[in-house]
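See structure below.
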Amino acid sequence: MPRLDKVAQIPKPDKIFVFKSCVASNKYPGIEACSSDSLRILGIEPVDSDEQTCCGGFVTFANVAAPTASMPAVARNLSLAEEKGLDTCVVCNGCWTFLNEFGHFMNHNAEVKASVNMMLNMMGKEYKGTGSVYHIAEMYYRLKEELAENVKRPLKGIKVATHYGCHYLGGGKYTAIDDAQMPSYLEEIIEILGGEVVPYTANRECCGTGFTQVINGKDLSLEHTKTKLDSVKEADPDILVVQCPYCHSQLDRIQQQFNYRDEGDFQTPILHIAQLVGMGLGLDVAKLGFAAHVSGRARLENVLDRIGR
Amino acid sequence: MSKKTLVIGGGIAGITAAQKIAQNGGDVILIEKEDALGGNFAKLTYTFPVLGDAKALVSQEVQKVQTTPSIEILTNTTLTACQGSVGDFSVELKTLSGTRQEIVGAIIVAAGFHYMEPTAYTEYSYGRSPKVVTSLEFEKMAAENRLPQGNVRVVFVHCVGSRDKAKGYVYCSKICCSYSAKHAIMMKKANPQSKSYVFYIDIRALGKGYEEFIRSAMEEHNVRYIRGRVAKVLESEGKLLVRAEDSLMGNPVEVEADLVVLASAMEPPVGSRDLAAMLGIATDEYGFFQDVESNVRPCHSSKPGIFLAGSCTQPMEIASAVAMGGLSASEALAVTR
Amino acid sequence: MLEQVKDWDDDFYERWKPIAMGFVNEAERCLQCGKCTGQCPAAAVTPGYNPRKLIRDLVDGNIKRILSSVELWQCFFCSGCYSTCPMDINFPFFIFMLRLGAMNEGYGWEDVKQLEAYAEKDYLKDGITVSIRERNPFVVDTVGDIGKIREAAGLPTKRVVSKRGVAEINMISDLSGMTSFMKKIGGVDLLDCNTCDDAQARRCKTKPLPSKVGKITTKTRFYNYGEPSGGKTNAKT
Amino acid sequence: MADNYLEAYGKETSQDAGERTLKYFEDLFSMEMPLSRMMKMMPGMVKFMMSSKDTREDLFKFMPQMTPMIKQAVTGK
């Protein structure tokens, strides 16, 4: 059950700083396009900045950079939103955890904050720690009423399964808007959009990316992804909705690799929650960016045929 | 003339205290907020470490207090106010028919405990799957002969809410190890075809015969004990998948189960802090009533004239609750004469 | 060889805690209950990997065993252990810090150097960690040009981080010592389907792992907590 | 090739390895700014200064803050 007290604390601002994610921009541009456009339809003007870089979470937890390098990078990105007096909205679980966790850390450690600010001062910036970071799924859940009013293309009869990913609920054990073990807010969003929720056993399992394991421990990663995909296939949803572009990329691409290596026939389209909401809100099909999807393309077309293009 | 003693709580500790005072010539008002005496004891089917008939035992004790003329029993009654000091407390009781004032010389708090509702343990599917039950619900199932039949696997999970800083309490609930063994044996007796698995962290058998009792579950009743805390219980095609680590072997394991029994923590009785504030006595960080000195004065509350008995002070088995009821009775008699 | 308890660094953890910027705490509370391992995706596929054992060794001070282990590098960073931990031990941070420590001892560089290019060639050069370059020929065949899809979605053909932004993260990298650290790692070249020839594409389609190149010599790690499993047959590959 | 970590470390104990590791983390997370560390930062700052006009301006604005730190690093006070 969602923690409604936490949800109520999320503001409904006029404008929000939309933090772009690396995978969303460069692999699945539909996520980037849909996140901004859907927020605009729901009454929040997205603001972005081309000075915004990556969150730096990947390079940090890949141990290429020490936290001493990541703290200022996080502070720099957060200060871009602070300059404008806005909160930040991210589309990726990784960005959410990383910005939140390290931001929280600096806010509670004056010494570190001072040394980070010394570095930022050199570039004419300052990190105050006033802004908050929200995940776009949180924002959608907060804007439930607005969402319900604006559904233009109901997902009638579409079976949707959910995958929450690890770094939002796991890392946000006490800060996320839902319980880490049995979340249900994505299901609620799907029902608002008119879809039909399909449960499956491995819902709360990791997608198998294993952060860097997909690169240097590929056997482990693939083995885990296979169990996940097998369970998804059993439930046979029309769409598997995720809220993290990294999970999106793993689940989408690994299906194809299995298919090519004759280790199964996986054809489940993976959609980011921003794309699903964009679809429900009636965004132009080109904006959904389905051309960048690797697996289940035929099924995706079929879904579009059923709900109208 | 001696004064009356007010006993709060009609569980086994309260019943014992009332009996002992009456045996020694004192007068007692025994109040119970529910409509029958017996407390948590009355909800059980068997006792441990000797499998005694819990219902028969407790009704025998209840009958004793009911037939003693110097014990006035007020069910559906709560304490609403308390003033005064040792030897002269004026208390206000709210009964079904209205409020009444009483003057008592001493008060014995035997408010019992509450089985934690493990609703926070969403990883165990509690509340979502009807096949995941608490130990108390298991007792009820056993009493009503509703235990699963046939070739089934039953998983018992220790430490649900105990020894858990994140979702429950840091303390150990002390009796779960023993009663889970009891449940496993009950399961085996009710359905010899069934297989029982107990997931434990440490086995704490803190009483006479307890270790032998738990060993007998393993040795005579063929219950599998696996060291490791259950990580999650998933529903899959009508079965429950129980994931845990067999931490003695260091391997993750999965059990396909038909029933999962959660040994939920013993927590302070509902409203213990309010009751403590009304009486002017201290509670500990969890809400259990605080004794003034736990070694030699376990039943003295922080206020003279108010004594504590039973599991409202700490998780406790029946035998200790009875002993503590007797102890607090003698302390109460000492100040009411 | 027999493990000598007198060799353990008993107060390592206690001394480490105040140094580690708050990334490392609560491990002393560990009950060894195994709830973490029970839900761990990495432990499910490699029985040798066991977060409980790593915590135990850390608190006991058997530093040699942790730092030289292969298992240290098998964590999925999924935070599942933290989310179920009854004592709120944030285990992924331990892994993160211990890996840095292991690298200081000379272990695990072969894993890190496959990742270094993401920082050097993508993150610091363009400001974006995952670049538009595709390294999977299957995907190129299916999807084609991402730039065109971006255009169709109403986005600029390429997401560009401003020069100023890139200059700033480069300075952060230089100032914090990340650049020199990366130089030490060396790194492997990332493949790019746009520049690769057909022969390489064929290799990619049949072989899942990119070939390992790079300068650093790294010490052999050991399966200190269990037998090798999965496709990894021994530590040397 | 050693087949066990105990052999790989030879006579070294966990205390030695732990000592090294602690030293490493102490250096990594040190908040102090000795001269050597400041010198290491100079090339990065120069690179940043050279990258464009407005970065130069921002860095010059920082100079007043910088001077006492350099002084402190040089004199060690």
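Residue numbers (the working numbering), protein chains in the order written: chain X, 1 to 309; chain A, 310 to 646; chain R, 647 to 883; chain H, 884 to 960.
Where a beta carbon is used, it is the ideal one built from N, C-alpha and C, also for glycine.
Could you check whether the Cβ of residue i sits closer than 8 Å to any Cβ belonging to chain A?
i, result
"R/Asp703", "no"
"X/Met182", "yes"
"X/Thr227", "no"
"R/Leu677", "yes"
"R/Arg698", "yes"
"X/Asp179", "yes"
Closest Cβ-Cβ distance between residue i and chain X: below 8 Å?
i, result
"A/Thr443", "no"
"A/Glu563", "no"
"R/Arg745", "yes"
"H/Phe943", "no"
"R/Met667", "yes"
"R/Val859", "Interpretation of R/Val859 is limited by its pLDDT of 41, a score under 50 that renders its predicted location unreliable; no figure is taken from the coordinates."
"A/Arg513", "no"
Grab me the residues of residue i's own chain with a C-beta within less than 6 Å of its C-beta, minus the 5 sequence neighbours each way, in chain order.
i, result
"X/Lys313", "The shown model of chain X, from 1 to 309, leaves out residue 313 of chain X, and the question about it has no answer."
"R/Ala669", "It should be pointed out that residue 669 of chain R corresponds to Phe in this sequence rather than to Ala. So the list reads Phe739, Met743, once near-sequence residues are dropped."
"X/Cys166", "Cys206"
"X/Ala81", "Phe17, Thr88, Gly131"
Verify the CB distance criterion: does residue i have a CB-CB separation below 8 Å to chain R?
i, result
"X/Lys84", "no"
"H/Pro917", "no"
"A/Arg552", "yes"
"H/Ala891", "yes"
"H/Met884", "Because H/Met884 carries a pLDDT of 38, less than 50, the predicted location of this residue cannot be relied on, and no value is offered for it."
"A/Ala475", "yes"
"A/Glu432", "yes"
"X/Cys166", "yes"
Could you list which residues in chain C have their beta carbon closer than 7 Å to that of residue i, in chain order?
i, result
"R/Arg711", "Of the protein chains in the structure, X, A, R and H, none is chain C."
Just to confirm my understanding: we take residue i, look at its own chain, exclude 5 residues before and 5 after, and list those with CB closer than 7 Å. What are they?
i, result
"A/Gly419", "The residue asked about is misnamed: residue 419 of chain A is Ala in this sequence, not Gly. Result list for A/Ala419: Val316, Ile317, Gly318, Gly320, Ala322, Gly323, Ala326, Ala618, Gly619, Cys621, Gly634, in chain order."
"R/Cys724", "Pro687"
"X/Glu234", "Tyr200"
"A/Ala331", "Val337, Thr377, Ser379, Ile380"
"X/Ala20", "Reading the sequence as shown, one finds Lys at residue 20 of chain X and not Ala. Hits under 7 Å: Glu32, Asp48, Gln52."
"R/Gly860", "Low local confidence applies: a pLDDT of 46 at R/Gly860 is under 50, so the model's placement there is unreliable, and no value is given."
"R/Ser857", "Because the pLDDT of R/Ser857 is 40, which lies under 50, any placement of that residue in the model is unreliable, and the number read from its coordinates should be weighed accordingly. There are no such residues."
If I measure Cβ to Cβ from residue i and keep anything under 8 Å in the same chain, skipping five residues before and after, which residues do I get?
i, result
"R/Ala847", "Pro783, Cys839"
"R/Lys771", "Val812"
"A/Ala591", "Ala585, Phe598, Gln599, Ser610, Ser611"
"A/Tyr595", "Tyr478, Tyr480, Glu576, Pro577"
"H/Met921", "Met952, Ile953, Ala956"
Under 8 Å between C-beta atoms, does residue i make it to chain H?
i, result
"X/Ala8", "no"
"R/Phe658", "yes"
"X/Ala66", "yes"
"R/Asn840", "no"
* To do: Counting only runs of 3+ residues fully inside the segment 517 to 573 of chain A, write out the beta strand (DSSP E) ranges in chain order.
  => 533 to 536, 539 to 545, 548 to 555, 560 to 566, 568 to 573
* Asked: Just by C-beta distance, which residues in the segment 535 to 546 of chain A are closer than 9 Å to chain X?
  -> Lys541, Leu543, Glu544, Ser545, Glu546
* Please specify which runs of the beta strand (DSSP E), each continuous and at least 3 residues long, are wholly inside the segment 575 to 643 of chain A, giving them in chain order. => 615 to 617
* To do: Could you run through the segment 801 to 828 of chain R and flag, in chain order, every residue whose CB is less than 8 Å away from some CB of chain X?
  => Leu801, Arg805, Val806, Val807, Ser808, Arg810, Gly811, Val812, Glu814, Ile815, Met817, Ile818, Ser819, Leu821, Ser822, Gly823, Met824, Phe827, Met828
* Do three or more CB pairs link the segment 526 to 541 of chain A to the segment 412 to 429 of chain A at distances below 8 Å? -> no
* How do the segment 759 to 772 of chain R and the segment 209 to 224 of chain X stand: do at least 3 beta-carbon pairs fall below 8 Å, yes or no? -> yes
* To do: Report yes or no: do three or more beta-carbon pairs, one from the segment 678 to 695 of chain R and one from the segment 551 to 559 of chain A, lie closer than 8 Å?
  => yes
* Asked: Are the segment 792 to 805 of chain R and the segment 70 to 90 of chain X touching, with three or more C-beta to C-beta distances below 8 Å?
  -> no
* Against chain R: residues of the segment 915 to 939 of chain H by CB proximity under 8 Å -> Lys923, Met924, Pro926, Gly927, Met928, Lys930, Phe931, Ser934, Ser935, Asp937, Thr938
* Chain-ordered residues of the segment 750 to 766 of chain R with a beta carbon less than 7 Å from chain X -> Asp757, Val758, Gln760, Leu761, Glu762, Tyr764, Ala765
* Between the segment 54 to 71 of chain X and the segment 773 to 782 of chain R, do three or more beta carbon pairs fall short of 8 Å? -> yes
* Asked: Touching or not, the segment 564 to 577 of chain A and the segment 436 to 445 of chain A, by the rule of three or more beta carbon pairs under 8 Å?
  -> yes
* Asked: Looking at chain X, which residues of the segment 779 to 794 of chain R have a Cβ within less than 7 Å of any of its Cβ atoms?
  -> Asn782, Phe784, Val785, Thr788, Val789, Ile792
* Within the chosen definition, does the segment 59 to 70 of chain X reach the segment 816 to 835 of chain R through at least 3 CB pairs nearer than 8 Å? -> yes
* Asked: If you scan the segment 377 to 460 of chain A from start to end, which runs of the alpha helix (DSSP H) of 4 or more residues do you find wholly inside it?
  -> 444 to 452
* When you check each C-beta in the segment 123 to 137 of chain X against every C-beta of chain H, which residues fall closer than 8 Å? -> Met123, Gly124
* Taking one C-beta from the segment 500 to 511 of chain A and one from the segment 457 to 472 of chain A each time, how about it: are there three or more such pairs within less than 8 Å? -> yes
* What residues from the segment 193 to 205 of chain X come within 7 Å of chain A, judged by C-beta to C-beta, listed N to C? -> Thr201
* Taking a cut of 8 Å between CB atoms, which residues from the segment 894 to 913 of chain H lie near chain X? -> Leu911, Phe912
* chain A contacts from the segment 719 to 732 of chain R (Cβ-Cβ distance under 7 Å) -> Thr730, Cys731, Pro732
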